[in-house]
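> Quick one: this structure, given as structure tokens, is what I'll be asking you about.
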RNA sequence: GGGCGAAUGGCGGAAUUGGUAGACGCUCAACUCUUAAAAAGUUGUGAUUGCAAGAUCGUGAGGGUUCGAGUCCCUCUUCGCCCACCA
């Protein structure tokens, strides 16, 4: 935009700003000179001069005042009505905060400010989830050391966060890479180990052959490396796990009591994935070996083969020739297994349509048909799901059908579906997977499908062939990362004593500085290159030389407990305990947790698990950290979610500088309901700026003084607005609150309407959570005598409305004929509920009477205060 | 394939939960002020039709319930998000 600004400074410090869109200074200058006389007259002689709201000065001034007077720092040990208003922990991407992030913070802050005005002691801390792969990758990308980059990102992120107008408790900030913090993350790991919830076991990890590094699951997109797009492979490695599965049932049942968005509750239920089924034991013919298959639908009369995952223990035994199979089969098994294991789960899923597999040469006995059925290996069976082995019932499972068809295995029918078709099953569409009637199943024949499944399970249990089990989709939490930028896992391995936790008084195990921190490519952790003085230490048990664990822990561990640390950061016990019991009792669980739905099954599940464990160990008195969670929507720009990868991020800095943060915040909240997000556009912001200036002018030009009162119409509108805002704020419906305030100002602006000072302050309070700086400026300059000590508008009480004052004198009643709107009439509001009167008056309305003259009335329906519907023949 | 949600003017979105559809804002147009512009203000802005009063149509499509449906029920279409060879 080619806009030229010119300022004229008049004698009494009045600054006049002139602007011109055209890049023509002469033109502008001439126009200023021409108008100089008039301008001066205007300032000196006419209306009291109004300065435009200068958001830059105001935001600096009030930020400082708020901090100096600890407006947002409740006394954490003495607060009477604690309210923990928390927004999800941000990770400080080096590119900085974008408008999508700001949307989340602003919306949460508005809620906090509203709660503060309702009389709560609101605590709204902020910190940085700065450890982890995101930050490390960025450091790699720009060729900096993560520790160095962290300082830069921290500074930039805190700077941005300080400009968005949030009432953060800045004193209590924390960063996950601060040793004072991760000391306790490590303590948490040690507790997990001590309570038997941490163990080390062999597992597959994602491996990018091009970047020569191990990747986290989050870095694998569609089976490809997020950075270089090459196919991710699998590698076997020993990893640390947390036994979150021990808590699966509790995590599931507790969901019922959580006040969370239904969407997120469903996502968690689905993720935990509780399934009731049966583990069936198959005896390998001619061997002592057994194979256990999990199934929820034991259609066993139709089972004609078994399939093992390539990772299955028995497969290894075949390869190692512990179990003997024909030579020809052995060669095929070796070849197939090797190929399959090199693929990732993702890759295997992508190739799902083309079923592949190999026969082992082994057979097992089908308990009910008494037939020997072949055992195959196929990568459509995943080692990590169920028991890693399935029984193939091709007539009644689509995947089994595809497999059997390809390898010419018999496909018997044992269920007739709802369509009644009972012929041979030759196409995928004929496969009956759920419901129907049993056939060819001896004692089950004629039974309903689900009853038959239950009966089969009973039958198998009675014969000792199987046992009912509950299976979960949830797997143990893989904690290890072969990366650098995280808290070292606080374990040491002694040749004699095995794995030992680092004694608590020796925490933290500080992350050593190593220059070459990049992932090595051979599967070893970067910390293997740490100085020997760090790498080797004394075994806590026997004192012999022992080696430290060189893996670091997952970022999600850092963020799984941070909310416990905030209130206790400055407690007397902060150095000796992760969180203070008394303060924790006062402030937790978190009163309102606000964040995006993208963490539905990661952060939110891990935090719940950690909280439950801490409760069981006696550190906490509650087991759900976030009883109330609100999920905000996403900001859309150019048709898609604002994100760095889409390249459509908008940096709030320039908008804040140009329009002021009050305008930007209010604009963002006006886009749509807070849980739905909205579409970001520049033209809309300009509209919001107009309104802000309008409010500013109204307060300077249309306030009555002394004993004069607000005009009656405006007073009704004001009370309606307060009512509307009060209910909508509680529901996070910020957009309609703002619309209501706009309606109020539109009326206020119209001729003859004036607002009294008391009423105007009420209005200002409604706006305060949205526009914290401008409302403070207006409050301090127009409502607070200069001599009184500073007291912020944000500590005032939320205004009350009087129901009687929300009612208009006259009410409009709609008149319908046969349900069609035909006119309206005005009645005294006191008469609005008089059915007979409404019925009578409606027919008397000239236009209505005219239409009715040609019709005969059958019925009249009156909705008091709303409408009259005349039903005619 | 499964689950969840959505569909309303040129656009973002309102609609007291079955009761005057389109609040509020953006956009656009005309006007006022101005030498001119900017800013600000006023008026208008779902479609068709009419000089006008008005009339007719109108909430993704089709049916139904009702005095009355954007809202409830059934069928279908499209889009978005999440999960997914889950045995």
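Numbering (my numbering), first residue to last: 156 to 1028.
Just so you know, even glycine gets a beta-carbon here, dropped at the ideal spot from N, CA and C.
Looking only at its chain, what residues have a beta carbon closer than 8 Å to the beta carbon of residue 106, apart from the 5 residues adjacent to it on each side?
Outside the displayed range of the chain (156 to 1028) lies residue 106, so it cannot be described from this structure.
> State yes or no: is the C-beta of residue 564 nearer than 7 Å to some heavy atom of the ligand MN?
For the structure depicted, the ligand MN is absent and the ligand set is empty, with no information on it obtainable.
> Evaluate the contact criterion for the segment 441 to 456 versus the segment 556 to 563: three or more CB pairs, one atom per stretch, below 8 Å.
No, they do not touch.
> DSSP puts residue 963 in a beta bridge; with which residues?
Paired residues: none, contrary to the question.
> Taking its Cβ as the centre, do 16 or more other Cβ atoms sit within 10 Å of residue 193, making it buried, or is it exposed?
With a pLDDT of 43 at residue 193, under the threshold of 50, the predicted position of this residue should be treated as unreliable, and no value is reported.
> Does the structure place the segment 596 to 604 close enough to the segment 618 to 637 that three or more beta carbon pairs sit under 8 Å?
No contact exists between the segment 618 to 637 and the segment 596 to 604.
> So, with DSSP's three-state summary, where would you put residue 1017?
If DSSP states are grouped into helix, strand and coil, residue 1017 belongs with the strands.
> In terms of residue numbering, what span does the alpha helix (DSSP H) encompassing residue 294 cover?
First-last of the alpha helix (DSSP H) with residue 294: 288 to 297.
> So, using beta-carbon positions, are residue 678 and residue 390 closer together than 8 Å?
Yes.
> Rounded to the nearest angstrom, how far is the Cβ of residue 782 from that of residue 278, given a contact under 8 Å?
Between residue 278 and residue 782 the Cβ distance is about 16 Å, and since that is not below 8 Å, they are no contact.
> Would you mind sorting residue 510 into buried or exposed? The rule is 16 or more other CB atoms within 10 Å of its CB.
Buried: at least 16 other Cβ atoms inside 10 Å.
> For residue 924, which residues of its own chain have a beta-carbon under 6 Å away from its beta-carbon, when the five flanking residues on both sides are left out?
Excluding residues within five positions, the ones whose Cβ falls inside 6 Å are 265, 268, 269.
> Find out if the Cβ-Cβ distance for the pair residue 415, residue 784 is shorter than 8 Å.
Yes, they are a contact pair.
> In whole angstroms, what separates the C-alpha of residue 635 from that of residue 392?
In a straight line, the C-alpha of residue 635 is about 10 Å away from that of residue 392.
> Using a Cβ distance threshold of 8 Å, determine whether the segment 487 to 499 contacts the segment 404 to 419, with at least three qualifying pairs required.
In short, these stretches do not touch, since the Cβ pair count stays below three.
> Buried or exposed, going by whether 16 or more other CB atoms sit within 10 Å of the CB of residue 697?
Per the 10 Å Cβ criterion, exposed.
> Report the CB separation of residue 261 from residue 820 in whole angstroms; it is logged as a contact under 8 Å.
Rounded, the Cβ-Cβ distance is 5 Å, consistent with contact.
> Applying the criterion that 16 or more other CB atoms from any shown protein chain within 10 Å of the CB defines a buried residue, is residue 749 buried or exposed?
Classification of residue 749: buried, given that the 10 Å Cβ count is 16 or more.
> Please tell me whether residue 685 and residue 693 are closer than 8 Å, where the distance is taken between their beta carbons.
No, the Cβ-Cβ distance between residue 685 and residue 693 is not below 8 Å.
> Reducing DSSP to helix, strand and coil, say where residue 262 ends up.
Here residue 262 sits in helix by DSSP.
> What's the C-alpha gap between residue 554 and residue 545?
Rounded to the nearest angstrom, the two C-alpha atoms are 11 Å apart.
> Distance check for residue 763 and residue 146, CA to CA, integer angstroms please.
The first residue shown for the chain is 156 and the last is 1028, placing residue 146 beyond what the model contains.
> Just the Cα atoms here: how many angstroms apart are residue 596 and residue 485?
Taking the straight line from one Cα to the other gives about 35 Å.
> When you compare only the Cα positions, how much space is there between residue 977 and residue 1023?
Rounded to whole angstroms, residue 977 to residue 1023 spans 10 Å at the Cα level.
> Quickly, what does DSSP pair residue 116 with across the bridge? List them, please.
This structure leaves residue 116 out entirely; the chain is present only between 156 and 1028.
> Between residue 612 and residue 473, how many whole angstroms is the CB-CB distance? I'm expecting something under 8 Å.
The Cβ separation is near 30 Å, so there is no contact.
> Indicate whether residue 431 and residue 451 have their beta-carbon atoms separated by less than 8 Å.
A contact, by the Cβ cut-off of 8 Å.
> Between residue 893 and the rest of its own chain, which residues show a CB-CB distance below 8 Å, the 5 nearest in sequence each way excluded?
Excluding residues within five positions, the ones whose Cβ falls inside 8 Å are 821, 824, 825, 925.
> Go through its chain and collect everything with a Cβ distance to residue 1010's Cβ below 7 Å, but skip five positions before and after it.
Taken in chain order, the residues that qualify are 1027, 1028.
> I'd like the list of long-range same chain contacts for residue 810, defined as Cβ closer than 7 Å, with 5 residues on each side in sequence excluded.
Excluding residues within five positions, the ones whose Cβ falls inside 7 Å are 819, 840.
> Answer with buried or exposed for residue 583, where buried requires no fewer than 16 other C-beta atoms within 10 angstroms of its C-beta.
Burial call: exposed.
> If the criterion is Cβ atoms closer than 8 Å, does the pair residue 849 and residue 900 meet it?
The answer is yes: Cβ separation under 8 Å.
> So is residue 793 buried or exposed if we call it buried at 16+ other beta carbons inside 10 Å?
Exposed, since its Cβ has fewer than 16 Cβ neighbours within 10 Å.
> For residue 854, tell me which candidate among 539, 909, 751 has the shortest Cα-Cα distance.
Closest by alpha carbon: 909.
> Could you give the DSSP three-state label for residue 317: helix, strand or coil?
Here residue 317 sits in coil by DSSP.
> Taking residue 580 as the reference, give the member of 788, 557, 527 with the closest Cα.
When each option's Cα is compared against that of residue 580, the closest is 557.
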